[in-house]
Ligand code: A2P
């Protein structure tokens, strides 16, 4: 990365936006300018970045003028409205929303899995769903050794997936319950503190929620394997910022647990956390603030000779969102792909 880039963060005041700022600084992304964009509600607020106080601007068409890269994390509607405007202005958009993920023209990228897909972009690269990213990082290395035929996942998802306000809501609910008062619900349909509930996204006619179908469809797209059989049950739990997942894998051939452990001990973006003596395995509290997806409890499925069980935890805001987006930006910068091909403008 020999040159520096003019970067805008769309959704700079949100949970993922704040993490993007931290990561750009910590990873020394080559910046010549940083513009912080959010809704009109936040215009004029200031945010510290590397000792400088930067003003948040309301997003407008002019805000993208001269920008090379937009890191967007302000929800699907905002991305649908502003990504074309940013592209028109010549910027490449790495979008954290679900707006473009399943568009066949838009690469859906996890750098540890399908970095080359990023080269096919026409101005937008989609950052996958958080739960999907964490699972993909952990199981792709195994899929390279022996093809996975079927995935059965159960997830335990933190409040952060619903944004900064949802994280605050859980804290307030916990305090209200401890104080013996009725917890208020705004972001979530039910109290999450001291509770859990199936993921609160719309249900399809088969009874699957949108989050579950994201895991199904996005994993197939990222892996380039449309025949992969996947089923999932997604659940919200009162954890602040790290998701957990129990994953059952069925392979085309027997996969010894010891070999899976050895493969994952060397896999990029994965940290093996397994102390069988102490019954110490990945926990959201230990995954929070970490780049790596923590994986453990790798064991043979006693109900299926072709099966393996594993357990993982990963920081939803970091690898589930902001880190993956910054890694995509680094990939684009390294490969000189931070230009919208003229034909698509
Ligand atoms: P704002 O703080 O001004 O509402 P989170 O996912 O943590 O809830 O954050 C969402 C981010 O998306 C925030 O930065 C929020 O800005 C921003 N955002 C929400 N709606 C819009 C909008 N219509 N236009 C621009 N930014 C938006």
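Numbering (my numbering), first residue to last: -15 to 329.
The beta-carbon is built from N, C-alpha and C at its ideal position, and this holds for glycine as well.
Quick caveat, the model's predicted, so the values are computed rather than measured.
CA nearest to the CA of residue i, picked from the options
i, options, result
"residue -2", "204, 14, 31 and 201", "31"
"residue 2", "277, 273 and 287", "273"
"residue 17", "199, 130, 51 and 110", "51"
"residue 55", "309, 321 and 205", "309"
"residue 263", "275, 280, 251 and 253", "280"
"residue 288", "302, 63, 244 and 235", "235"
"residue 10", "-5, 225, 143 and 302", "302"
"residue 77", "111, 87 and 98", "111"
"residue 0", "306, 314, 284 and 321", "306"
"residue 276", "304, 291 and 290", "304"
"residue 299", "268, 283, 290 and 322", "268"
"residue 72", "216, 48, 57 and 60", "48"
"residue 147", "79, 224 and 283", "224"
"residue 184", "145, 160 and 200", "145"
"residue 53", "204, 75, 160 and 69", "75"
"residue 271", "60, 141 and 23", "141"
"residue 215", "116, 283 and 129", "116"
"residue 219", "-8, 322, 57 and 137", "137"
"residue 222", "127, 139 and 135", "139"
"residue 19", "-8, 28 and 34", "-8"
"residue 282", "126, 167 and 70", "126"
"residue 80", "69, 104 and 63", "63"
Cα-Cα separation between residue i and residue j, rounded to whole angstroms
i, j, result
"residue 100", "residue 82", "21 Å"
"residue 163", "residue 176", "16 Å"
"residue 229", "residue 246", "20 Å"
"residue 65", "residue 21", "14 Å"
"residue 329", "residue 45", "Note on residue 329: pLDDT 49, under 50, position unreliable in the model; the coordinate value appears next. Distance between the alpha carbons of residue 329 and residue 45: 15 Å."
"residue 4", "residue 243", "36 Å"
"residue 92", "residue 165", "44 Å"
"residue 417", "residue -4", "In the structure as shown, the chain begins at -15 and stops at 329. Residue 417 is therefore absent and cannot be evaluated."
"residue 316", "residue 85", "18 Å"
"residue 205", "residue 198", "10 Å"
"residue 58", "residue 26", "13 Å"
"residue 24", "residue 61", "15 Å"
"residue 256", "residue 278", "6 Å"
"residue 261", "residue 285", "20 Å"
"residue 207", "residue 98", "7 Å"
Buried versus exposed call for residue i [16 or more other C-beta atoms within 10 Å across all chains shown]
i, result
"residue 326", "Confidence at residue 326 is low in this model, with a pLDDT of 48, below 50, so the placement of that residue is unreliable and no value is reported for it."
"residue 296", "buried"
"residue 89", "exposed"
"residue 190", "exposed"
"residue 39", "exposed"
"residue 113", "buried"
"residue 87", "exposed"
"residue 320", "exposed"
"residue 240", "exposed"
"residue 41", "buried"
heavy atom of the ligand ADP below 6 Å from residue i C-beta
i, result
"residue 156", "Of the ligands one can find in the structure shown, namely the ligand A2P, none is the ligand ADP."
Integer Cβ distance of residue i from residue j, believed to fall under 8 Å
i, j, result
"residue 153", "residue 232", "With a Cβ gap of about 32 Å, residue 153 and residue 232 do not count as contacting."
"residue 96", "residue 252", "5 Å"
"residue 108", "residue 67", "6 Å"
"residue 158", "residue 178", "7 Å"
"residue 237", "residue 13", "So it is not a contact: roughly 42 Å between Cβ atoms."
"residue 118", "residue 43", "In fact, because the Cβ distance is near 29 Å, the residues do not count as touching under 8 Å."
"residue 332", "residue 193", "Here the chain has residues from -15 to 329 only, and residue 332 is not among them."
"residue -11", "residue 15", "6 Å"
7 Å Cβ cutoff, residue i in contact with chain B
i, result
"residue 315", "The question asks about chain B, but that chain is absent: this structure has only one protein chain."
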